[in-house]
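A short write-up of the structure that comes next.
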């Protein structure tokens with residue numbers, strides 16, 4: 036039984052193509068049904084995200100399956116551009132790829148977390164449509180548990196690799212948990228909005244918004260998660276609030292410095308030196324850079340965050356060998372399970388056939404008038420004899436599943452069932 | 004094996020193991036050993052057993068060593084016990100280096116200061132008041148241990164603060180707990196240590212007055228303890244009354260330890276303190 040991967044990703048396909056072949060909802064269900072309709076495919080699943088669309092299939096007839104996959108792909112992307120950007124992997128390479136994807140090793144942002152959820156979603160959709168066979172199900176589930184191991188046993192997801200994440204990571208280094216903390220957002224840039232959402236998502240108690248246009252402040256405030264109180268305040272109140280909040284994010288489009296060193300020194304005095312984290316995302320900067328020297332004030336600008344992101348990526352890259360070692364282990368284990376599973380139907384058929392033969396001969400040759408003890412002794416002896424005789428062939432089948440057709444022919448067993456399971 | 008030889012063997016084993024733990028913590032900064040916290044917990048447990056055996060030998064073995072030796076051993080034991088108790092945070096690499104470094108320094112000092120001398124000559128001077136002396140020594144020992152932890156926590160705060168301000172980072176600094184956590188620990192340790200130190204100083208003066216001895220300023224150790232007490236009192240006042248926060252308080256804790264308690268331990272160890 037072969038595993039095939041047919042797909043395209045951010046590595047070779049432009050965004051315009053990826054957008055066109057992105058499948059969700061009815062489109063995804065339609066794609067899965069098309070896979071199920073192909074008689075050369077035993078099982079199939081589709082993973083479709085903003086960075087990749089991939090078809091995972093199992094087949095006993097790789098050549099016919101390849102032709103049928105082309106037909107499915109042509110239905111997904113009628114423009115005919117798919118083959119120009121796609122890749123097709125089979126057997127070992129397909130298996131390795133299937134394990135690398137959910138663990139984030141093949142992601143545009145190394146170790147990113149969303150892909151695992153998307154991969155689980157792909158399996159769930161395929162299970163719901165009944166298109167997954169036992170082998171594909173086993174491989175995908177093993178790939179998910181391998182990805183979880185990679186995430187918990189290595190630091191591949193540990194460091195921030197986005198500006199918002201970097202801001203949250205810096206805030207955590209100062210305050211530990213952000214639960215119950217308060218923030219003030221000055222300005223309403225796009226980056227400030229996403230940073231505010233991430234910070235509020237950490238359980239902040241209150242977020243104050245102060246912008247030139249109150250409508251935009253209210254719009255941002257409305258986007259905050261439940262559990263976080265969001266308030267809009269006029270700019271005149273910013274100085275008063277600055278002495279109270281734990282964190283300030285500045286992102287105005289002002290051309291001059293809004294907050295000078297002396298202003299911030301006054302805030303710190305009023306705060307009784309309680310640590311303050313200021314994130315200056317504005318260009319030109321809203322906060323006087325000289326304020327960075329004030330004790331207990333932690334001032335970060337976009338360059339500082341970029342450095343945090345670079346460092347995070349470098350740290351993640353350092354974890355790749357450890358992650359790959361885990362994947363090698365998991366792939367070897369999955370391969371072994373697959374091998375045993377390949378042989379399972381033949382072993383079951385062999386056992387059934389031998390058992391039927393044993394019962395037939397007992398019925399035919401057992402003399403009447405045996406006591407229960409004698410009958411039981413003959414029963415045990417015949418069962419033991421059959422088990423001993425089958426031990427060699429079964430052990431051979433477990434280790435050499437490829438010999439299954441030969442064993443079936445030699446012992447006159449039925450051929451295995453075909454098609455989607 | 005006679006108790007003195009057993010004590011020497013245990014003391015040397017403890018000192019070497021403690022130094023090895025410090026090196027292990029320092030190396031973890033670079034190599035990130037698998038199961039670091041678990042291994043270090045085991046090593047700390049082993050150290051605690053060794054040092055408990057030292058104390059046990061002192062109590063039941065009949066070996067008599069100097070007061071300085073006993074103070075140092077009890078301080079080292081208390082430091083380890085508290086570190087194990089707070090292991091979730093104190094096993095950060097840098098904190099581990101500091102705890103093990105201080106612990107092995109205390110053990111080396113104990114090794115040097117273990118010459119025999121009468122354990123507690125107080126009963127001879129004031130036979131009815133020896134319980135006061137025991138209470139005083141217990142309170143002071145407790146304060147040494149807890150304030151040593153406060154010092155380590157405050158030092159961690161200052162290192163973390165420097166790392167965040169300079170934005171030059173490294174695995175060692177990243178392994179430290181967040182500033183707020185370190186500040187919380189410093190707070191609790193200082194307030195507990197301050198209470199114990201206050202009790203220790205008051206008890207010593209009660210003992211001195213009750214046994215008709217001289218006042219506090221003739222003993223450099225007591226004078227230093229008073230300087231420390233004043234700095235810690237300033238910390239407690241600023242923290243509890245003014246609600247002051249930040250690195251200046253951490254500096255105050257480090258100053259309190261550096262100017263008062265650390266020299267007091269050394270003076271005690273060198274036997275320069277006024278005998279009771």
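Chains as they are written, first to last, in our numbering: chain A, 36 to 456; chain B, 4 to 279. Backbone N, C-alpha and C fix where the C-beta goes; we use that ideal spot for every residue, glycine too.
> Would you report the Cα separation of residue 158(B) and residue 302(A), rounded to the nearest angstrom?
Replying inline: Cα to Cα, residue 158(B) sits roughly 26 Å from residue 302(A).
>> For residue 41(A), list the residues DSSP reports as bridge partners.
In response: 90(A) and 123(A), per the DSSP bridge assignment.
> Which same chain residues, not among the five before or five after residue 53(B), have their C-beta less than 8 Å away from its C-beta?
Replying inline: Cβ-Cβ distances below 8 Å link residue 53(B) to 13, 16, 17 and 20 in the same chain, with the five nearest sequence neighbours on each side left out; the list follows chain order.
> Hey, is the segment 273 to 286 of chain A in contact with the segment 214 to 226 of chain A, meaning 3+ C-beta pairs nearer than 8 Å?
Replying inline: Cβ pair count under 8 Å is three or more, so yes.
> Just the Cα atoms here: how many angstroms apart are residue 3(B) and residue 345(A)?
Replying inline: This structure cannot settle anything about residue 3(B), because the visible part of chain B is limited to 4 through 279.
> Which chain A residues sit within Cβ distance under 7 Å of residue 247(B)?
Replying inline: Ordered by position in chain A, the residues that pass the 7 Å Cβ test against residue 247(B) are 307 and 308.
> Going along the segment 196 to 224 of chain A in order, which residues come within less than 9 Å of chain B, judged by CB to CB distance?
Replying inline: Listed by position, the residues of the segment 196 to 224 of chain A near chain B (Cβ gap below 9 Å) are 205, 207, 208, 209, 210, 211 and 212.
> Excluding the five sequence neighbours on either side, which residues of its own chain have a C-beta within less than 7 Å of the C-beta of residue 42(A), listed in chain order?
Replying inline: Here the set comprises 87, 88, 89, 90, 121 and 122.
>> Rounded to the nearest angstrom, what separates residue 372(A) and residue 173(B) at their Cα positions?
In response: When rounded, the distance between both Cα atoms is 43 Å.
>> I'd like to confirm the pairing. Which residues does DSSP put opposite residue 27(B) in its beta bridges?
In response: Per DSSP, none; premise fails for residue 27(B).
> In its own chain, which residues sit with a C-beta less than 7 Å from the C-beta of residue 293(B), not counting the 5 before and 5 after it?
Replying inline: Residue 293(B) lies beyond the stretch modelled for chain B, which goes from 4 to 279, so this question has no answer here.
>> Using a Cβ-Cβ cutoff of less than 7 Å, which residues in the same chain neighbour residue 209(A) once the five nearest sequence positions on both sides are dropped?
In response: Correct list, in chain order: 310, 312 and 333.
>> Suppose contacts are defined by Cβ-Cβ distances below 9 Å. Is residue 196(B) in contact with residue 234(B) by that definition?
In response: It is not a contact, given that the beta carbons lie outside the stated cut-off.
>> Rounded to the nearest angstrom, what separates residue 103(B) and residue 45(A) at their Cα positions?
In response: Pairing residue 103(B) with residue 45(A), the inter-Cα distance amounts to about 50 Å.
>> Does the segment 130 to 149 of chain A come into contact with the segment 182 to 201 of chain A, if we say contact requires no fewer than three beta-carbon pairs (one atom in each stretch) closer than 8 Å?
In response: Yes, they touch.
>> Quick check on residue 118(B): buried or exposed, where buried means 16 or more other Cβ atoms within 10 Å of its Cβ?
In response: Counting other Cβ atoms within 10 Å of its Cβ, residue 118(B) stays below 16 and is therefore classed as exposed.
> Between which two residues does the beta strand (DSSP E) carrying residue 265(A) extend?
Replying inline: Where residue 265(A) is concerned, the enclosing beta strand (DSSP E) stretches over 264 to 267.
>> I'd like to know if residue 277(A) contacts chain B, where contact means its C-beta is closer than 9 Å to some C-beta of that chain.
In response: Put simply, the CB of residue 277(A) is far from chain B, with every gap to its CB atoms at 9 Å or more.
> Mind pulling the chain B residues with CB within less than 8 Å of residue 333(A)?
Replying inline: 167 and 168, listed in chain order.
> Using Cβ-Cβ distances below 8 Å, what residues of the segment 184 to 195 of chain B are close to chain C?
Replying inline: The chain labelled as chain C is not found among the protein chains of the depicted structure, namely A and B.
> Which runs of the beta strand (DSSP E) fall wholly inside the segment 253 to 339 of chain A and span at least 3 residues, in chain order?
Replying inline: As far as the segment 253 to 339 of chain A is concerned, its whole beta strand (DSSP E) runs of at least 3 residues are 264 to 267, 282 to 285, 311 to 315 and 332 to 336.
> Assuming residue 269(A) and residue 245(A) make a contact with CB atoms under 8 Å, what is their CB distance in whole Å?
Replying inline: Contact flag correct, Cβ pair sits at about 7 Å.
>> Per DSSP, what are the beta-bridge partners of residue 187(A) in this structure?
In response: Residue 187(A) pairs with nothing; no bridge assigned.
> For the segment 36 to 69 of chain B, which residues have a beta carbon sitting closer than 8 Å to at least one beta carbon of chain A?
Replying inline: Taking 8 Å as the upper bound on Cβ-Cβ separation, chain A lies near no residue of the segment 36 to 69 of chain B.
> Does DSSP put residue 262(B) in a helix, in a strand, or in coil?
Replying inline: Taken through DSSP and simplified to helix, strand or coil, residue 262(B) comes out as helix.
> What are the boundary residues of the alpha helix (DSSP H) that residue 153(B) is part of?
Replying inline: 133 to 169 is the extent of the alpha helix (DSSP H) around residue 153(B).
> List, in order along the chain, the chain B residues whose C-beta lies closer than 9 Å to that of residue 330(A)?
Replying inline: Chain-ordered, the chain B residues with CB closer than 9 Å to the CB of residue 330(A) read 164, 168, 249, 250 and 251.
>> Buried or exposed, going by whether 16 or more other CB atoms sit within 10 Å of the CB of residue 24(B)?
In response: Counting Cβ neighbours within 10 Å, residue 24(B) comes out buried, since at least 16 surround it.
>> Below 7 Å on C-beta distance, what does residue 181(B) contact in chain A?
In response: Correct list: 207, 208, 209, 210 and 211.
> Which residues bound the beta strand (DSSP E) around residue 179(B)?
Replying inline: No beta strand (DSSP E) holds residue 179(B); DSSP gives it neither H nor E.
>> In whole angstroms, give me the CA-to-CA distance for residue 326(A) and residue 38(B).
In response: Computed Cα separation, rounded: 41 Å.
> Where do the ends of the alpha helix (DSSP H) carrying residue 226(A) lie?
Replying inline: It spans 225 to 236 - the alpha helix (DSSP H) in which residue 226(A) sits, taken as one unbroken run.
> residue 326(A) versus chain B: which residues are under 9 Å apart at the beta carbon?
Replying inline: By Cβ distance, chain B contributes nothing, its closest Cβ being about 12 Å from residue 326(A), past 9 Å.
>> By the three-class DSSP mapping on this structure, what secondary structure does residue 36(A) have?
In response: Taken through DSSP and simplified to helix, strand or coil, residue 36(A) comes out as coil.
> Of the residues 357(A), 76(A) and 397(A), which one's Cα is nearest the Cα of residue 36(A)?
Replying inline: Comparing alpha carbon positions, the residue from 357(A), 76(A) and 397(A) closest to residue 36(A) is 76(A).
>> Does the CB of residue 339(A) have a neighbour CB from chain B at under 9 Å?
In response: With 9 Å as the cut-off, residue 339(A) counts as an interface residue toward chain B.
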